[in-house]
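Let me begin by presenting the structure, written as structure tokens, before commenting on it.
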Amino acid sequence: MWLSRLSSRLRCARFGRPWNRVGGRCPSRFSRRNRYVVFVTYQIHHAAPSSTFLEYPILIAQDTVLLLLILYYNGEAKHSLIYIALFVGGWKLVTLQDWIIDLAMSLCTLISASSKFASAQCLYQSKDSSGVSALAWSISCYTCLARMFTTIMTTADIQVLTRFTVLSSLNGFVLAMIFHYRRDVKKVE
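Heads up: the sequence shown at position 74 corresponds to 74 in the UniProt record's numbering, and the numbers run straight through without jumps.
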């Protein structure tokens, strides 16, 4: 029951539709930042060249600042210490054992893929892509394809390569759906 409610709250978040806010917090913001942290930690732990993950610390800082601003303007600044403690504690927990970071990386791939799948499902149900940015999805798809190439050329890490292959495929699928539904709207007019 609670899983279906959470899924419905998050499902259409990328398409500009309102979702029920849970205490003013944005769960997707937490999820994305945590996936960035796991990816950076995984890359550092496996001694990958810094050029393969250099932008992720900037994205983590950007999401953290945005999250703190959201908490501040929602009058929940006192909760920021709890989130910071959970963030640091989680980061330390992930680096305890090799299998933990590998499992965390696999779970991040699964969560990212499910997010893309939920976006595709929402787009399929609405059959309207007018509120979706084809440019943003194109950039996302291109980024994953470029990451696949750089991973092959630098580390050839199978887990990272699998992550970007799955995400690239799903980004491409959503992008194809966007163009398909835009074409259908033009035919109707």
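Cβ atoms here follow ideal geometry from the backbone N, Cα and C, with glycine treated the same way.
- The beta-carbon separation of ARG33 and THR52, rounded to 19 Å, does not stay under the 8 Å limit for a contact.
- The three-state secondary structure of PRO57, taken from DSSP, is helix.
- Annotation: ILE44 to HIS180 spans about 40 Å, alpha carbon to alpha carbon.
- A direct Cα-Cα distance of roughly 6 Å separates TYR56 from TYR36.
- Taken through DSSP and simplified to helix, strand or coil, LYS127 comes out as coil.
- Bounds of the alpha helix (DSSP H) holding GLY89 are 80–94.
- The residues LEU123, SER129, VAL132, ALA134 and TRP137, in chain order, have a CB closer than 8 Å to that of ILE178 in the same chain once the five nearest residues on each side in sequence are set aside.
- With respect to the C-alpha of LYS116, the residue from SER168, LEU67 and ALA61 having the closest C-alpha is SER168.
- Contact check for ASN171 against SER140 passes: the beta carbons are separated by less than 7 Å.
- With distances taken between CA atoms, LEU110 lies nearest to GLN159 out of HIS46, GLU76, GLN159 and PHE149.
- Distance check between TRP91 and each of ASN74, PHE164 and MET105 places MET105 closest, using alpha-carbon atoms only.
- Rounded to the nearest whole angstrom, the C-alpha separation of ALA85 and LEU93 is 12 Å.
- Assigned with DSSP and collapsed to three states, HIS180 falls in helix.
- In the displayed model, THR41 falls within a helix according to three-state DSSP.
- In this structure, the alpha-carbon of GLN62 lies about 18 Å from that of HIS79.
- Looking from the CA of ILE152, the closest CA among VAL38, THR41, VAL40 and PRO49 belongs to PRO49.
- In the displayed model, VAL160 falls within a helix according to three-state DSSP.
- When only Cα atoms are considered, LEU107 and ALA113 end up about 10 Å apart.
- Burial is judged here by how many other beta carbons sit within 10 angstroms of a residue's own beta carbon; LEU175 has at least 16 and is buried.
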